[in-house]
Amino acid sequence: MSGWFDAATVREFEAARENSRWPPFITSGPYVLPCLHTLRLEDVDMKRLYQFSFPHLRHLDITSLSDDDDDEEDLDGYATQDHFPASITHLIYVGESTSFAQIFRLFPHLWQLTVPIEWSTIPPSDYKDIKCHRNLGVVEIASWDGVFDPRPLIRDVLIAVRARKLPSLHLIKLTFPWKYREELPFEECEALGVTLEVVLRPKATFYGHANF
Numbered sequence: 003m004s005g006w007f008d009a010a011t012v013r014e015f016e017a018a019r020e021n022s023r024w025p026p027f028i029t030s031g032p033y034v035l036p037c038l039h040t041l042r043l044e045d046v047d048m049k050r051l052y053q054f055s056f057p058h059l060r061h062l063d064i065t066s067l068s069d070d071d072d073d074e075e076d077l078d079g080y081a082t083q084d085h086f087p088a089s090i091t092h093l094i095y096v097g098e099s100t101s102f103a104q105i106f107r108l109f110p111h112l113w114q115l116t117v118p119i120e121w122s123t124i125p126p127s128d129y130k131d132i133k134c135h136r137n138l139g140v141v142e143i144a145s146w147d148g149v150f151d152p153r154p155l156i157r158d159v160l161i162a163v164r165a166r167k168l169p170s171l172h173l174i175k176l177t178f179p180w181k182y183r184e185e186l187p188f189e190e191c192e193a194l195g196v197t198l199e200v201v202l203r204p205k206a207t208f209y210g211h212a213n214f
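Note that the working numbering has the sequence shown beginning at 3, numbered continuously upward.
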């Protein structure tokens, strides 16, 4: 910044940053944003997100990366208290320690789930105690910056299909440069009525979370 502005302007920016607080409202919440349909949240503080309501949100892109287990508990608590609206149909999730089973439970009307694999750590799921998710049709396992083995996540999703938890799932989409097609479970997916589609991207075309 100092290369573009004089010293007085730089001090003004720094003072504004140090003295600012989020959110910049003084009245009591929640603050309703009725027209918002697409929202991207990076390094989200779930404790502050409670102050907003998104009644017509359809597309949510959320990054929740933290070594603090409380952050994952906050995500779970935020969703189970109905703060994520039922209108959400498309989710891009980057995070750690949140399983597919939790995501299916927290977003019951989800139609498409995208997980950028290079930034996420998705633990194995226990599907015994979750309800049938009747809306999810597409699971996309994506990567834009490297080759990562998608098979553990595919197996996890297929376990849910075999347990009849995902009756509407028809497509598992792999969008990254995974070259070993012969190692993918095409026949198993076909036997379960699910199409396994591979879209090769030898060159990165989008860095959705390149700042990490």
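Where a beta carbon is used, it is the ideal one built from N, C-alpha and C, also for glycine.
Neighbour-count burial assignment, residue i, 16 or more Cβ in a 10 Å radius
i, result
"Thr40", "exposed"
"Ala10", "exposed"
"Ser170", "exposed"
"Tyr104", "According to the sequence displayed, residue 104 carries Gln and not Tyr. Answer is buried; the Cβ neighbour count reaches 16."
"Lys133", "exposed"
"Ala162", "buried"
"Val196", "buried"
Close beta carbons around residue i, own chain, < 6 Å, minus the five adjacent residues each side
i, result
"Leu115", "Leu93, Val141"
"Ser145", "Ile119, Glu120, Phe178"
Presumed contact (8 Å Cβ cut-off) between residue i and residue j, rounded CB distance
i, j, result
"His172", "Gly139", "6 Å"
"Pro57", "Pro36", "6 Å"
"Leu62", "Ile90", "5 Å"
"Ala88", "Tyr129", "Going by Cβ atoms, the distance from Ala88 to Tyr129 rounds to 21 Å, so no, they are not a contact pair."
Beta-carbon proximity list for residue i, same chain, < 8 Å, skipping 5 on both sides
i, result
"Arg183", "Val200"
"Glu74", "Residue placement at Glu74 is poorly supported in this model, since its pLDDT is 48, which falls under 50; the coordinates still yield a value, given next. Correct list, in chain order: Ser66, Ser68, Gly97, Glu98, Ser99, Thr100."
Endpoints, beta strand (DSSP E) assigned at residue i
i, result
"Leu173", "173–177"
"Glu199", "197–201"
"Leu62", "61–66"
"Leu43", "40–43"
First and last residue of the uninterrupted alpha helix (DSSP H) at residue i
i, result
"Val163", "153–164"
"Ala193", "188–193"
Cutoff 7 Å; reference residue i; Cβ partners in own chain excluding five residues on either side
i, result
"His135", "Phe106, Pro110, Lys167, Leu168"
At 4 residues or longer, and completely inside the stretch 95–139: list those alpha helix (DSSP H) runs for me, N to C. 102–108
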